[in-house]
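Trainee: Take a look at the following structure, please.
There are 2 protein chains.
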Amino acid sequence: MLPKQRQDQIVRALRADGAGGVKVLAGKLGVSEATIRRDLEQLHAEGRLTRVYGGALAVDGGDEPFADVNAVHAEEKDRIARRAAELVTDGESVLLDIGTTALRVAQHLHGRSLTVVTSNLAVLEELQNDEQIELIVLGGFVRRSYRSLVGYLTEESLRQIHVDWLFLGTSGVRPDGRVMDSTMIEVPVKRAMIKAADRVVLLADRTKFPGHGVARVCEPGELTMVVTEPDADEATRAQLTEAGVEVVLA
Amino acid sequence: MLPKQRQDQIVRALRADGAGGVKVLAGKLGVSEATIRRDLEQLHAEGRLTRVYGGALAVDGGDEPFADVNAVHAEEKDRIARRAAELVTDGESVLLDIGTTALRVAQHLHGRSLTVVTSNLAVLEELQNDEQIELIVLGGFVRRSYRSLVGYLTEESLRQIHVDWLFLGTSGVRPDGRVMDSTMIEVPVKRAMIKAADRVVLLADRTKFPGHGVARVCEPGELTMVVTEPDADEATRAQLTEAGVEVVLA
DNA sequence: TAAAAATGATTGAGTTTGCGTGATACGGTC
DNA sequence: GACCGTATCACGCAAACTCAATCATTTTTA
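Order-wise, the sequence lines are chains E and P.
Residues in the first sequence are numbered from 1 upward in steps of one, following my numbering.
Residues in the second sequence are numbered from 1001 upward in steps of one, following my numbering.
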């Protein structure tokens, strides 16, 4: 990638997020922090962004505080996501669900040779500049609060494709192994996702075992695998294993 | 191959990818890097591309990305976009094409009560946080350099919807009124867009009158309206009027 | 055939990049 | 306010990369 292109992307990334940390930008663009600092310095001189300690702000929308840039990493959830990313072999296709869980998986897919399909706008943003990854966006209505696409357009798009892996998030797994969700509107999309995938992997940290949710997404039997933590509720795990689901502990 | 042909191909390659490195171009065209450098130098002098360290960027001429680089005709183009935005009544639905032209229209739609449909990732970014606007994204393969979605998924999504207005960009309008585009891959998407809209509005500044392009998008008769500048080529304008297209001067 | 143009290889100069180092800024505690 | 640990920064350096100029060779033009 040309230096000028990279700098344009930095500006775009800042416009999208309002702000960005040096470390985050370096990771996203695949260069060292030193290079990012030099870019930021240059772009600041050109007036295309505002340099601040730790990163940079978008030039017009700079009213947001910089505090949340250095967001603390949730170590456990990240470990689950990393484990999930390791399941995928280069060349395969991956479908990523709505939610932060899927976003975390996407963060671990950088630089891999994969086809990624998603209706998750945060994933789109995360992988948009990764040239290794073939990225496919499902259509749909933008649901701002969830940074996702939903609706019949999404379901229709899902009918047109098929993938090797689906990584699914959840609001909770019931003691009988049923996968639940907190919002009705997502359920048809999730069901369509399950139909479009060879292997369905549920990602759930220990707080989801057991967990609640108003809407049933699927039966345990429809899952191929569940990635969770060693100290997740044993009874629910056993229920899953009995249903033929491989339970992986990260 | 003649040097002129090769240089045309370089420009075309940049239009397609947004940017290109010296090494990449040399490999693609089967000549040495020295020759590519000489070509780039010459093309830069002619204003057909922007030379940067390591390669070159496409210059604003088709309807391609990287708008922030060249702000020469910004004023005129923005006037056209504003005029276009005024055509829409609150409550209506608008389909926005790929390219910077459509992005400019989107910038003038902020705060309006509209439904906006797009495969333009720059538009998505622009309107993502605007709560007044119902935003619908078409599915498709991410085309990084153009910040857009293309492919059969996009076309399929377009078959599922219908809108009041379509705002179309172009690389040029031929003297006979035919609307052209510089890249083949977009044409099926643009045609599907035309089918999905009640009214088709073409946005074209004077540099597009008359203009070129390898691929024919549509006949003048398929347009409802053209928004352009007062000093755009009169012969072409007359040709459009004759075809029943309303020509609006901004 | 001779002049002109284009090409590819080479070379030394200029740029960019990543890493290490010591200096500086930040946030929390006393 | 003073202090301290952590994170961030600017600077310098070496390696890799890119560039413009030059020259010999090939191709095109007159």
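Yeah, the Cβ is synthetic: ideal placement off N, Cα and C, and Gly gets one too.
Start and end of the alpha helix (DSSP H) containing Ala-1204(P)?
Mentor: Counting along the chain, Ala-1204(P) sits inside no alpha helix (DSSP H), nor does DSSP assign it H or E at all.
Trainee: Go ahead and label Leu-240(E) buried or exposed: buried means 16 or more other beta carbons lie within 10 angstroms of its beta carbon, across all protein chains shown.
Mentor: buried
Trainee: Is the Cβ-Cβ distance between Gly-221(E) and Met-180(E) less than 8 Å?
Mentor: no
Trainee: Report the three-state DSSP secondary structure of Asn-70(E) (helix, strand or coil).
Mentor: Any reading at Asn-70(E) needs caution, since the residue's pLDDT is 39, under 50, leaving its predicted position unreliable; the model's value is listed next. In the three-state scheme derived from DSSP, where H, G and I count as helix and E and B as strand, Asn-70(E) is classed as helix.
Trainee: Glu-1046(P) by DSSP, collapsed to three states: which one?
Mentor: Coil, per DSSP.
Trainee: Would you mind reading off the limits of the alpha helix (DSSP H) that contains Arg-15(E)?
Mentor: 3-17
Trainee: Closest Cβ-Cβ distance between Arg-15(E) and chain P: below 8 Å?
Mentor: yes
Trainee: Does any C-beta atom of chain E lie closer than 8 Å to the C-beta of Gly-1091(P)?
Mentor: Not one chain E Cβ lies under 8 Å of Gly-1091(P).
Trainee: With distances taken between CB atoms, is the gap from Leu-57(E) to Ile-10(E) smaller than 8 Å?
Mentor: In this structure, Ile-10(E) does not lie closer than 8 Å to Leu-57(E) by Cβ.
Trainee: Ends of the beta strand (DSSP E) at Val-142(E)?
Mentor: That run of the beta strand (DSSP E) goes 140-143.
Trainee: For Asn-70(E), does the count of other Cβ atoms within 10 angstroms reach 16, so buried, or fall short, so exposed?
Mentor: Residue confidence is low: Asn-70(E) scores 39 on pLDDT, short of 50, so the model does not pin down where it sits. Its coordinate-derived value is still stated next. Asn-70(E) is exposed by the Cβ-count criterion.
Trainee: With a Cβ-Cβ cutoff of 8 Å, do Gly-1021(P) and Gly-1054(P) count as a contact?
Mentor: Here Gly-1021(P) is near Gly-1054(P), since their CB atoms are less than 8 Å apart.
Trainee: What separation, rounded to the nearest whole angstrom, lies between the Cα atoms of Arg-37(E) and Leu-127(E)?
Mentor: 21 Å
Trainee: May I have the straight-line CA-CA distance separating Glu-1046(P) from Asp-1008(P), to the nearest angstrom?
Mentor: 12 Å
Trainee: Quick one, are the C-beta atoms of Val-137(E) and Gly-1140(P) less than 8 Å apart?
Mentor: yes
Trainee: Can you give the Cα-Cα distance for Gly-18(E) and Leu-25(E), rounded to whole angstroms?
Mentor: About 13 Å.
Trainee: Within the continuous beta strand (DSSP E) that includes Met-193(E), where are the two ends?
Mentor: Per DSSP, Met-193(E) belongs to no beta strand (DSSP E); it is in the alpha helix (DSSP H), 187-195.
Trainee: So what's Ile-136(E) in DSSP terms, helix, strand or just coil?
Mentor: Strand.
Trainee: Whole angstroms are fine: how far does the CA of Asn-1129(P) sit from the CA of Arg-144(E)?
Mentor: 7 Å
Trainee: How close, in whole Å, do the beta carbons of Thr-224(E) and Glu-242(E) come, if the pair is a contact with beta carbons under 8 Å?
Mentor: Wrong, their Cβ atoms sit about 15 Å apart, outside the cutoff.
Trainee: Strictly under 8 Å for the Cβ-Cβ distance: is Lys-4(E) near chain P by that measure?
Mentor: It does: the Cβ of Lys-4(E) has a partner Cβ on chain P nearer than 8 Å.
Trainee: For Val-1142(P) and Val-88(E), what's the separation of their Cα atoms in angstroms?
Mentor: 21 Å
Trainee: Say whether chain P places a C-beta atom closer than 8 Å to the C-beta of Val-163(E).
Mentor: No, Val-163(E) lies away from the interface with chain P (no Cβ there is under 8 Å from its Cβ).
Trainee: Could you say which of Asp-1176(P), Ala-1102(P), Ser-1148(P) lies nearest to Gly-1211(P) if we only look at CA atoms?
Mentor: Asp-1176(P)
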